[in-house]
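Q: What follows is a single structure, and I will ask about it in a moment.
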Amino acid sequence: MTAATRIYKHSSAGTDWAALMMGGGLGLTLALQLTTVRLSDFNTFYAVVVSISRLAALVGTYFAVIGIFLVARIPWVERGVGHDRLVTWHRTLGPWSLYLIGAHVFLIIVGFAGQDSIPLYKELWEFLTKYEWMWFALSGFMLMVLAGVTSYKKARAKMSYETWWMVHILTYAAVAASFMHQIVNGSMFIGHPLNRAYWIGLYVAMAAAIIYWRFWVPLYRSMKVNLRVSKVVIEGPGVVSVIMKGRNLHQLAAQGGQFFGWRFLARGHALMSHPYSLSAAPTEKHLRITVKDLGDHSRSLAFLKPGTRVFVEGPYGAFTAGRSTQPHVVLVGGGVGITPIRALMDEFKGGAQIDVIFRASKEEDLVLKSEMDYLANTSEGSMRIHYLVGSRKNHPMDANSLKALVPQFADSDIYICGPEPLVSAVRKAAEDLGVPKNRFHDEAFAFHKE
């Protein structure tokens, strides 16, 4: 299936609606505080501190819940907004949630300690021993701090994906652990049934979205298509392709350029899924990923046995051929980022003029080169491939170099996938050449080590 036959629109309207709904929810959340405020909340300095702490708790918790919603993999949200933008919003809200909830913890202790005229540590002990569910709330806050610290780039770069994932998943536990102390002790909920109903509904909706879209739907669809490992192919030093066979794979509605979360039911693989892009356009019976050895999990894929059952979560991502608007397309891939580019070559073939730029440090890093050459040689001149092998100094990815390599660059749709420095360089070149933002499509492979 070519790009011309894809019916897919990455509409800014979806982004606008999502932003409007989040803004509306924030307004309702602020109203919880405004509709329950009392004059006594402002009669002393410490009373004001307590009021501010409660407002920080409401907004911080709302951001945490919405942050989980954003990565719940709800299909129409993914299609309307785009996976990359959702992840960006999630990463933006996460730190603010932690800052606001941290401010709440500090200010509520300071405020009540000031009102009670006792030291801070005694006030903290009062909270933990006299108010219900406070130990759970404290545990939730500590889990949130742990998840927040490990989400920073420098910390994330030093840990495996498996470790990062296990810690990050604790965010769910952190948000859940803090729920009861809010409902039982929060002044905006005690004696205010509508406020309480809204807050409970927000949590229930979040839990339902996670359970349904992150667990039930992937399980049901995986069982239905009966996906299993067909064979494992060594593509080069440290690079393997896993070819999987199933039935009625059109039901997954996958496109080249998208990715799945893959869970192989084999020792060392079954506990968690890992995100890998398709490295060839999907067919009715086969899916393929190509993975570079960047960690324990990716290294062990070479030892998967035929017949191993595969559970998939997805497809995700808006890095698809249907987003293109121009008759000429430039596909840029670097390192392992060539895998979705290779799949896009299948999608675009016969439907557009294509220039493919493959950036690699060494010749042996030109993964899937023979396949790409075959596609170009059988394209009747509609596809050209440019292999840029060597250092960045020899092959700068600036505006002048890219325009010299591809004269139509400024009038094309640009697709780029690879390490963040490469994506940033090509984005800067596109901006310098006047490429509109809606014609620049990118995915950066810097989520984790693998």
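Each residue of the sequence shown is one higher than the last, beginning at 13 in our numbering. Beta carbons: idealized from backbone N, C-alpha and C, even for Gly.
Classify W88: buried if its beta carbon has 16 or more other beta carbons within 10 angstroms, exposed otherwise.
A: W88 should be labelled exposed.
Q: Roughly how many angstroms separate the alpha carbons of V244 and D367, rounded to a whole number?
A: Cα to Cα, V244 sits roughly 29 angstroms from D367.
Q: Output needed for E247: all residues of its chain with C-beta closer than 7 angstroms, excluding positions within five of it in sequence on either side, in chain order.
A: Excluding sequence neighbours, E247 sits near S253, T302, V379 and L380.
Q: Count the C-beta pairs between the region 150-157 and the region 181-195 that are closer than 8 angstroms, then say yes if the count reaches three, no if not.
A: Yes, the region 150-157 is in contact with the region 181-195.
Q: Name the two residues that bound the continuous beta strand (DSSP E) containing R159.
A: Note on identity: in this sequence residue 159 is Ala, with Arg being the wrong assignment. Run containing A159: none in the beta strand (DSSP E); it sits in the alpha helix (DSSP H), M146 to V161.
Q: With DSSP as the reference, label P249 as helix, strand or coil.
A: Reduced to three states, the DSSP call for P249 is coil.
Q: Given a threshold of 16 other Cβ atoms within 10 Å of its Cβ, counted over all protein chains shown, does S291 qualify as buried or as exposed?
A: Result: buried.
Q: Return the first residue and the last residue of the alpha helix (DSSP H) that R97 is part of.
A: Note, R97: alpha helix (DSSP H), H95 to D128.
Q: At which residues does the beta strand (DSSP E) containing V324 begin and terminate?
A: Segment V322 to Y328, the beta strand (DSSP E) holding V324.
Q: Grouping DSSP H, G and I as helix and E and B as strand, with all else coil, what is E455?
A: Strand.
Q: I'd like to confirm the pairing. Which residues does DSSP put opposite R371 in its beta bridges?
A: Answer is G346 and L400, bridged to R371.
Q: Mind checking which residues open and close the alpha helix (DSSP H) that includes W211?
A: P205 to A221 is the extent of the alpha helix (DSSP H) around W211.
Q: Please work out which residues of its chain come closer than 8 angstroms, Cβ to Cβ, to D358, disregarding the five sequence neighbours upstream and downstream, and give them in chain order.
A: For D358, where only same-chain residues beyond five positions count, the Cβ hits under 8 angstroms are G268, A292, A293 and L387.
Q: Apart from the five residues on each side of it in sequence, which residues of its chain come closer than 7 angstroms, Cβ to Cβ, to A320?
A: The amino acid occupying residue 320 in the given sequence is Thr; Ala does not appear at that position. Correct list, in chain order: R240, V241, F276, L277 and A278.
Q: By how many angstroms is the C-alpha of G250 removed from the C-alpha of M33?
A: Cα to Cα, the separation comes out at about 45 angstroms.
Q: How many Å lie between Y215 and V77 at the Cα?
A: Going by the C-alpha atoms only, they are around 7 angstroms apart.
Q: Rank A372, H340, K297 and V157 by C-alpha distance to the C-alpha of Q263 and give the top, closest one.
A: Selected option, being the one with the closest Cα: K297.
Q: Does the pairing of the region 216-236 with the region 322-337 give three or more beta-carbon distances under 8 angstroms?
A: Yes, since at least three Cβ pairs between the region 216-236 and the region 322-337 fall closer than 8 angstroms, the two stretches touch.
Q: By how many angstroms is the C-alpha of V418 removed from the C-alpha of G39?
A: Going by the C-alpha atoms only, they are around 49 angstroms apart.
Q: Sort out for me which residues DSSP pairs P287 with in a bridge.
A: G273.
Q: CB-CB under 6 angstroms to F75, same chain, minus the five flanking residues each way: which ones, in chain order?
A: For F75, where only same-chain residues beyond five positions count, the Cβ hits under 6 angstroms are L105, W108 and S109.
Q: Let's test the definition: count the other Cβ atoms within 10 Å of the Cβ of T17 and tell me whether it reaches 16, buried, or not, exposed.
A: The predicted model places T17 with a pLDDT of 35, which falls under 50 and marks its position as unreliable; any figure quoted below should be read in that light. Per the 10 Å Cβ criterion, exposed.
Q: Using the beta-carbon count (16 or more within 10 Å), is V161 buried or exposed?
A: Burial call: exposed.
Q: Quick test of your reading: K70 and T41, contact by CB under 8 angstroms. State the CB separation rounded to the nearest angstrom.
A: Here residue 70 is Leu; the residue named in the question, Lys, does not match the sequence. Yes, they are in contact, since the Cβ atoms of L70 and T41 sit about 5 angstroms apart, within 8 angstroms.
Q: Rounded to whole angstroms, what is the Cα-Cα separation between R66 and R168?
A: Roughly 31 angstroms separates the two Cα atoms.
Q: Please report the distance separating the alpha-carbon of I428 from that of V157.
A: Between I428 and V157, the C-alpha separation is close to 34 angstroms.
Q: What would DSSP say about Y427, mapped onto helix, strand or coil?
A: Correct three-state label for Y427: strand.
Q: Following the continuous beta strand (DSSP E) through H298, name the residue where it begins and the one where it ends.
A: Per DSSP, H298 belongs to the beta strand (DSSP E) from H298 to K304.
Q: Please classify L82: is it buried, with 16 or more other beta-carbons within 10 angstroms of its beta-carbon, or exposed?
A: Classification of L82: buried, given that the 10 Å Cβ count is 16 or more.
Q: Below 8 angstroms CB to CB, which residues in the same chain sit around S403 once its five sequence neighbours on both sides are set aside?
A: Contacts found: S373.
Q: Look at the alpha carbon of T332 and the alpha carbon of Q270, and state the distance between them as a whole number of angstroms.
A: Roughly 7 angstroms between the two C-alpha positions.
Q: Between which two residues does the alpha helix (DSSP H) holding E383 run?
A: That run of the alpha helix (DSSP H) goes K381 to N389.
Q: Using a Cβ-Cβ cut-off of 8 angstroms (strictly less than) and excluding sequence neighbours within five positions of S23, which residues of its own chain qualify?
A: The predicted model places S23 with a pLDDT of 47, which falls under 50 and marks its position as unreliable; any figure quoted below should be read in that light. Within the same chain, S23 has close Cβ partners G92.
Q: Based on the DSSP output, what are the partners of I255 in its beta bridges?
A: Answer by DSSP bridge pairing, in chain order: K243 and R300.
Q: Would you mind working out which of R335, G346 and P431 sits nearest F452, comparing C-alpha positions?
A: Minimum Cα distance to F452 is reached at R335.
Q: Quick one: residues in its chain with C-beta nearer than 7 angstroms to the C-beta of M192, no 5 flanking neighbours on either side, listed in chain order?
A: Excluding positions up to five away in sequence, the list reads W145 and F148.
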